[in-house]
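Colleague: One structure is given below, represented as structure tokens, and several questions about it will come after.
Numbering (this note's numbering), first residue to last: 87 to 271.
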């Protein structure tokens, strides 16, 4: 009887050890996916930041007296490049997005600029990059959700606390972007 009890005890201990290792490795994997997905957002933001000086120079030639809008775009770009952490990056990204919207609104007033092939190409690339940024944000938030769930669900929350796995922050839109736009005809 003692041999059977010993075997059962060994099996139970092995099961607990294997489960613990699996939970720990899952938490590590999810934490690394969060870091990787945030890096993908950075890659797309860098791409957009690289395109902006070319866009500003193209617009300068056509809309020289729209200096304030161009300065706002340049300032917002610098703010994004100097941002640290998810919260700062998110705020700076939102400021740059708003500045770019203003820049494209100014471009609407200049038919020659809208017809310029460099401007059209840059606008197309920025639009494509904005789509990639949006996708990267969504992917990041999906990964953060999985990671945070693993940090909060039992029994992996025990390992998360023991090994200091802290919940990650979501990439959030600013409050103004959540408002329903007013459409008038």
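From the three backbone atoms N, C-alpha and C, an ideal C-beta is built for every residue, glycine too.
These numbers were taken from a predicted model, which means no experiment stands behind them.
Using DSSP with H/G/I as helix, E/B as strand and the rest coil, what is residue 257?
Modeller: Note: residue 257 maps to coil in three-state DSSP.
Colleague: Where does residue 194 fall in DSSP's three states?
Modeller: DSSP places residue 194 in coil when its eight states are reduced to three.
Colleague: Three-state secondary structure (DSSP) at residue 139?
Modeller: Residue state, collapsed to three classes: helix.
Colleague: Between which residues of its own chain and residue 232 is the CB-CB distance below 7 Å, once the five residues before and five after are set aside?
Modeller: If we look at residue 232 and ignore the five residues flanking it on each side, its Cβ neighbours are 116.
Colleague: What does the alpha-carbon distance come out to for the pair residue 186 and residue 108?
Modeller: Spanning the two alpha carbons is a distance of roughly 46 Å.
Colleague: Does the structure place the region 159 to 178 close enough to the region 118 to 135 that three or more beta carbon pairs sit under 8 Å?
Modeller: Yes, they touch.
Colleague: Sort 154, 256 and 146 by Cα distance to residue 205 and report the nearest one.
Modeller: Comparing Cα-Cα distances from residue 205 to each of 154, 256 and 146, the minimum goes to 146.
Colleague: Report the residue from 140, 176, 222 and 192 whose alpha carbon sits nearest the alpha carbon of residue 207.
Modeller: The shortest C-alpha separation from residue 207 is found at 140.
Colleague: Where do the N-terminal and C-terminal ends of the alpha helix (DSSP H) with residue 239 fall, by residue?
Modeller: Taken as a continuous stretch (DSSP letters only), residue 239 belongs to no alpha helix (DSSP H), as it is neither H nor E.
Colleague: State yes or no: is the C-beta of residue 234 within less than 8 Å of the C-beta of residue 257?
Modeller: Not in contact: residue 234 and residue 257 (Cβ atoms no closer than 8 Å).
Colleague: Reducing DSSP to helix, strand and coil, say where residue 216 ends up.
Modeller: Correct three-state label for residue 216: helix.
Colleague: Residue 173 and residue 255 look like a contact to me (Cβ under 8 Å); what is the Cβ gap, rounded to whole Å?
Modeller: Residue 173 to residue 255, Cβ: 7 Å. Contact.
Colleague: Where does residue 202 fall in DSSP's three states?
Modeller: Residue 202 falls in the coil class under three-state DSSP.
Colleague: When we look at the beta-carbon of residue 275 and count the other beta-carbons within 10 Å, is it buried (16 or more) or exposed?
Modeller: Only positions 87 to 271 of the chain appear in the structure, and residue 275 is not among them; the question remains open.
Colleague: Going by DSSP in three states, residue 270 sits in which element: helix, strand or coil?
Modeller: Since pLDDT at residue 270 reaches only 43, below the 50 mark, its modelled position is unreliable, and no value is offered.
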